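Going line by line, the protein sequences match chains A and B. Offset between the first sequence (1-based) and our numbering: plus 4. Offset between the second sequence (1-based) and our numbering: plus 4. What follows is a short report on a single structure.
Protein chains: 2
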Amino acid sequence: MPIEHALSELETVLGDRLSRSKSDLDAHGGSETYFPLAAPQAVAYPETTEEVSRIVKTCNAHGVPVIAYGAGTSLEGHTSAIRGGVTLDMSRMNKVLRVSQGDMDAAVQPGLTREALNEDLRATGLFFSVDPGANASLGGMAATRASGTTTVRYGTMRDNVLGLEVVMADGRIIRTGSRARKSSAGYDLTALFLGSEGTLGIITELTVKLHGQPEAVSAGICAFETMGDAVEAVTAVIQMGLPMARIEFLDAEAVRAVNQYSGTDVAETPHLFVEFHGTDTGVAEDAARFAEIVEDFGAKGIEVATKPEERSALWTMRHHAYWACLGLKKGVQGVVTDVCVPISSLAQAVEETAADIEASIIPGPILGHVGDGNFHAILLVDPRQPDELEAAKALAARMNERALALGGTVTGEHGIGMGKLAYMEAQHGDAWDVMSDIKRTLDPNGILNPGKMVKPGNR
Amino acid sequence: MPIEHALSELETVLGDRLSRSKSDLDAHGGSETYFPLAAPQAVAYPETTEEVSRIVKTCNAHGVPVIAYGAGTSLEGHTSAIRGGVTLDMSRMNKVLRVSQGDMDAAVQPGLTREALNEDLRATGLFFSVDPGANASLGGMAATRASGTTTVRYGTMRDNVLGLEVVMADGRIIRTGSRARKSSAGYDLTALFLGSEGTLGIITELTVKLHGQPEAVSAGICAFETMGDAVEAVTAVIQMGLPMARIEFLDAEAVRAVNQYSGTDVAETPHLFVEFHGTDTGVAEDAARFAEIVEDFGAKGIEVATKPEERSALWTMRHHAYWACLGLKKGVQGVVTDVCVPISSLAQAVEETAADIEASIIPGPILGHVGDGNFHAILLVDPRQPDELEAAKALAARMNERALALGGTVTGEHGIGMGKLAYMEAQHGDAWDVMSDIKRTLDPNGILNPGKMVKPGNR
Numbered sequence: 005m006p007i008e009h010a011l012s013e014l015e016t017v018l019g020d021r022l023s024r025s026k027s028d029l030d031a032h033g034g035s036e037t038y039f040p041l042a043a044p045q046a047v048a049y050p051e052t053t054e055e056v057s058r059i060v061k062t063c064n065a066h067g068v069p070v071i072a073y074g075a076g077t078s079l080e081g082h083t084s085a086i087r088g089g090v091t092l093d094m095s096r097m098n099k100v101l102r103v104s105q106g107d108m109d110a111a112v113q114p115g116l117t118r119e120a121l122n123e124d125l126r127a128t129g130l131f132f133s134v135d136p137g138a139n140a141s142l143g144g145m146a147a148t149r150a151s152g153t154t155t156v157r158y159g160t161m162r163d164n165v166l167g168l169e170v171v172m173a174d175g176r177i178i179r180t181g182s183r184a185r186k187s188s189a190g191y192d193l194t195a196l197f198l199g200s201e202g203t204l205g206i207i208t209e210l211t212v213k214l215h216g217q218p219e220a221v222s223a224g225i226c227a228f229e230t231m232g233d234a235v236e237a238v239t240a241v242i243q244m245g246l247p248m249a250r251i252e253f254l255d256a257e258a259v260r261a262v263n264q265y266s267g268t269d270v271a272e273t274p275h276l277f278v279e280f281h282g283t284d285t286g287v288a289e290d291a292a293r294f295a296e297i298v299e300d301f302g303a304k305g306i307e308v309a310t311k312p313e314e315r316s317a318l319w320t321m322r323h324h325a326y327w328a329c330l331g332l333k334k335g336v337q338g339v340v341t342d343v344c345v346p347i348s349s350l351a352q353a354v355e356e357t358a359a360d361i362e363a364s365i366i367p368g369p370i371l372g373h374v375g376d377g378n379f380h381a382i383l384l385v386d387p388r389q390p391d392e393l394e395a396a397k398a399l400a401a402r403m404n405e406r407a408l409a410l411g412g413t414v415t416g417e418h419g420i421g422m423g424k425l426a427y428m429e430a431q432h433g434d435a436w437d438v439m440s441d442i443k444r445t446l447d448p449n450g451i452l453n454p455g456k457m458v459k460p461g462n463r
Numbered sequence: 005m006p007i008e009h010a011l012s013e014l015e016t017v018l019g020d021r022l023s024r025s026k027s028d029l030d031a032h033g034g035s036e037t038y039f040p041l042a043a044p045q046a047v048a049y050p051e052t053t054e055e056v057s058r059i060v061k062t063c064n065a066h067g068v069p070v071i072a073y074g075a076g077t078s079l080e081g082h083t084s085a086i087r088g089g090v091t092l093d094m095s096r097m098n099k100v101l102r103v104s105q106g107d108m109d110a111a112v113q114p115g116l117t118r119e120a121l122n123e124d125l126r127a128t129g130l131f132f133s134v135d136p137g138a139n140a141s142l143g144g145m146a147a148t149r150a151s152g153t154t155t156v157r158y159g160t161m162r163d164n165v166l167g168l169e170v171v172m173a174d175g176r177i178i179r180t181g182s183r184a185r186k187s188s189a190g191y192d193l194t195a196l197f198l199g200s201e202g203t204l205g206i207i208t209e210l211t212v213k214l215h216g217q218p219e220a221v222s223a224g225i226c227a228f229e230t231m232g233d234a235v236e237a238v239t240a241v242i243q244m245g246l247p248m249a250r251i252e253f254l255d256a257e258a259v260r261a262v263n264q265y266s267g268t269d270v271a272e273t274p275h276l277f278v279e280f281h282g283t284d285t286g287v288a289e290d291a292a293r294f295a296e297i298v299e300d301f302g303a304k305g306i307e308v309a310t311k312p313e314e315r316s317a318l319w320t321m322r323h324h325a326y327w328a329c330l331g332l333k334k335g336v337q338g339v340v341t342d343v344c345v346p347i348s349s350l351a352q353a354v355e356e357t358a359a360d361i362e363a364s365i366i367p368g369p370i371l372g373h374v375g376d377g378n379f380h381a382i383l384l385v386d387p388r389q390p391d392e393l394e395a396a397k398a399l400a401a402r403m404n405e406r407a408l409a410l411g412g413t414v415t416g417e418h419g420i421g422m423g424k425l426a427y428m429e430a431q432h433g434d435a436w437d438v439m440s441d442i443k444r445t446l447d448p449n450g451i452l453n454p455g456k457m458v459k460p461g462n463r
């Protein structure tokens, strides 16, 4: 068995940092959502780039799959070891290597989580902006081109990664990008690896942009009578050019979930959560203009949180929404959708989705980063009821098809993984062939997260 | 001759839109800078994507080079037909296909220039932000990942292109990206084609982001005693997080050139040109804080231009700087450098460059988009004096090596073309091989702008 040869070679290098314990394999082959367990044959815990290179080289020689694993917060089954192999758990490569206050950038290892980075930055007056909610690893966030609540202002991982160190399928170590803020020097390999989900190379270091902590922050929530009013209010605010740092939507059911989970007593109607960053006068002006616009859409009960602890409570509430939704019904799993559409189609997309869910047999609270046109329905299914999973998949399919028809995407931020592979053809057409060609060139033996991202048959 | 077969096939398709007149060939094989004439054997003027596909397919079948040509404003010899072939002049594909005010995006053809697009947008309250100075075509700007004066606020082409239509080397037509503001759906082919300089495919359509015209704009200039003071002032302003829409540096000699060219009487010392976009109170606050900070670095003579015609005069002055510099000495050509470094190293990079130029036999005014860490020395050489071109190349080499040593890039915005190919290895190391592998996969016959971007021998 090639895998046995590979593992015995790896054991020589890694010693007890190559784990074959069942609990470890299962923990790395599972998923936060509905994907079935698909465990690797071993879990490696590399500590250096050179070790990663060595592991990949060995696996490449033996044709053994290598699956990079960050914090395991993927919602689309990215790390499922569907063809077995070795999972590279990057959690020991979790150091902040450099912080440059003057240049507002940092070099970090991929296993570092975004919260750990921000903790480390606390004294510097800087922060790392990309905020997917979960305390994901930065390598995983890069590999899925993640984004989140602050993207409307500070961008996605695509906008916040200046360069990468990557181990290629043959073990070569390359560096992409530079520390300059922009560059026209050749193909944008950084962007190519961002979102490649471990199928083109293993990210072993990232240079990320940091942002200055805003002088003043103002956050608030407001309630709407209908979902349509809330979403149209967002569209109007965006079109007025108001510089929001965050603008989040929760439907009535998501608010109810959050109330139950966090013990809050927010009115159970559609809500927007908003935040402004700037100077004292700037955020006051922004908040006042925001209130003026959303009142035209019937916004009520505008509450402003200016104290850090109030704001923190507000965003914690939002960040726990996924778990809160799962708490709405006992024993359920979530099928999480992630469409993103042009902002002018957002109201239509959200309302038609809500109507579909209303007509289905399962609940599905809706929430999202509406400033980007991105929203999620958390479709709640009882895994013992096959018709519920079927209903969820049908709802998700309709959302995805609608998003594509509106010029959008089936995934705004969660990535392809197992869950969206079936939509690659519909979304990309012949461009999917080009992706598959690139994959074949950079990973000729098909060892990097095989079975994901590219055409079946294309490894 | 394969080329004759190809051309006679193309003539059937294009009729008199396939030109073989010497003046046309020479006009397309020349350069705005010091690169020697390298003319194609024919110039094709396609009018549709399907025609581009047909041309490329024919050339691919016969192994004939295809060089995409926009407005011919490249400073690095991108469009030199160094192996002959067919130049695709995209100037007839210059339509605005769609403008969506609600989504703040537009679909355009690649031959449209940025000024023509902004003219078209005038009544909408929106504008296209990327501003390289020259009235470049949008296809060319995409192909070189261009940027310019407003990049410090609105980003480069990388940040302002949502999607592309591309004709591949085999004639396939693909679409990349989507109209959503963000997407995690697969490899970022949009980013891969941006900056690929016509070597991976021919861009036949772009979906670009638009921005709302700011409610208020305030621009100004201020003078410094030394170059170091000016650059350090910029670094300080950036680090304070002041949201500048533009921040440009001109050294004393560049100011002198601009005065001569535009008939202005700006004091001939190092200057910053700055602009703020926002609300009335916002830009007033920003301008006041800017003044406060730069005064600490000895800024004098702060002049504010709030009227549109004054601002327009100011930026026209800046945009003509390249031609103004060429006017400093009769009969000279420009060797234009384009380094970009982390902002904390900017003062060092600029000052060491100035000292090098001072010690050389040629003049070289310095100016740049200092908010991005990007600056240019316009090295002025008499083409009849070989030692002057040698001196310019030696100065450029030192600038490039210094930029790389400081973690920067040899080209912030002009691209590789002919002028920077020699630095690809130093800048990218083994990552250059990865680029070359991608090129070989997507253009196996090496017909797309051959001799550029990738390793010699790799076509």
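Every residue, glycine too, gets a C-beta built ideally from N, C-alpha and C. None of the values given here were measured: they were computed from a predicted structure.
The beta-carbon of Ala173 (chain A) is placed no less than 8 Å from the nearest beta-carbon of chain B.
The beta-carbon separation of Leu168 (chain A) and Phe197 (chain A), rounded to 6 Å, stays under the 8 Å limit for a contact. The residue from A:Thr160, A:Met403, A:Ile382 and A:Arg322 with its alpha-carbon nearest to that of Asp360 (chain A) is A:Met403. Taking 7 Å as the upper bound on Cβ-Cβ separation, chain B lies near residues Gly216 of the segment 212 to 227 of chain A. The alpha-carbon separation between Met457 (chain A) and Ala146 (chain B) amounts to approximately 26 Å. Taking 3 residues as the shortest admissible run, the segment 273 to 335 of chain B contains the following complete beta strand (DSSP E) segments, listed from N- to C-terminal end: 275 to 282 and 304 to 309. Arg183 (chain A) and Gly411 (chain B) do touch by the CB rule: their CB atoms are close to 4 Å apart, below 8 Å. Taking a beta-carbon distance threshold of 8 Å, Thr310 (chain B) does not count as an interface residue toward chain A. In this structure, Ala223 (chain A) keeps its C-beta atom at 8 Å or more from the C-beta atom of Ala325 (chain A). The beta-carbon distance between Val90 (chain B) and Val68 (chain B), rounded to whole angstroms, is 6 Å. This is short enough to meet the 8 Å contact definition. Non-local beta-carbon contacts of Pro387 (chain A) in its own chain, meaning distances under 6 Å to residues more than five positions away in sequence, involve Gln337 in chain order. With a beta-carbon spacing of about 29 Å, Ile347 (chain A) and Ala395 (chain A) fall beyond the 8 Å limit used to define contacts.
Taking a Cβ-Cβ cut-off of 7 Å, the neighbours of Asp434 (chain B) in chain A comprise Arg176 and Ile178, given in sequence order.
A direct Cα-to-Cα measurement between Val156 (chain A) and Gly137 (chain A) gives close to 14 Å. Per DSSP, reduced to three states, the secondary structure at Gln113 (chain B) is coil, with no helix or strand assignment.
Here DSSP, grouped into helix, strand and coil, assigns Gly224 (chain A) to strand. Nearest to Ala288 (chain B) by alpha-carbon distance, out of B:Trp327, B:Asn263, B:Pro247 and B:Glu313, is B:Pro247. His380 (chain B) does not reach chain A, its nearest Cβ partner there being about 13 Å away, counting only Cβ pairs nearer than 7 Å.
Minimum Cα-Cα distance from Glu405 (chain A) among the listed residues A:Ala426, A:Thr153 and A:Asp437 corresponds to A:Ala426. Counting every other CB atom within 10 Å of its CB across the protein chains shown gives Met321 (chain A) a total of 16 or more, marking it as buried.
Taking a cut-off of 8 Å on C-beta distances, the segment 210 to 217 of chain A does not touch the segment 250 to 270 of chain A, as fewer than three cross pairs fall below it. Here the alpha carbon of Asp391 (chain A) sits roughly 25 Å from the alpha carbon of Ala430 (chain A).
Residue state for Asp30 (chain B) is assigned as helix, using DSSP reduced to three classes. Boundaries of the alpha helix (DSSP H) around Ile361 (chain A): Leu350 to Glu362. At a cut-off of 8 Å between C-beta atoms, Arg149 (chain B) counts as an interface residue with respect to chain A.
Taking C-alpha positions only, Thr154 (chain A) is separated from Ser133 (chain A) by approximately 7 Å. Beta-bridge partners of Thr413 (chain A) (DSSP): A:Cys344. Exposed is the label assigned to Thr285 (chain B), since fewer than 16 other Cβ atoms lie within 10 Å of its Cβ. Against chain A, the CB of Gln431 (chain B) has a partner CB under 8 Å away; the residue lies at that interface.
Judged by DSSP in its simplified three-state form, Val68 (chain B) adopts coil rather than helix or strand.
Residue environment: His9 (chain B) is assigned as exposed (fewer than 16 neighbouring CB atoms within 10 Å of its CB, all protein chains considered). The beta carbon of Ala227 (chain B) sits closer than 6 Å to those of Ala271, Thr273, His275, Lys304 and Gly305, all from its chain and outside the five residues before and after it, given in chain order. Taken atom to atom, the span from the alpha-carbon of Arg87 (chain B) to that of Thr37 (chain B) is near 19 Å.
Residue pairing from DSSP places Met248 (chain B) in a beta bridge opposite B:Phe280. In the structure shown, the three-state DSSP call for Tyr158 (chain B) is helix. In this structure, the beta-carbon distance from Leu399 (chain B) to Gly368 (chain B) falls below 8 Å.
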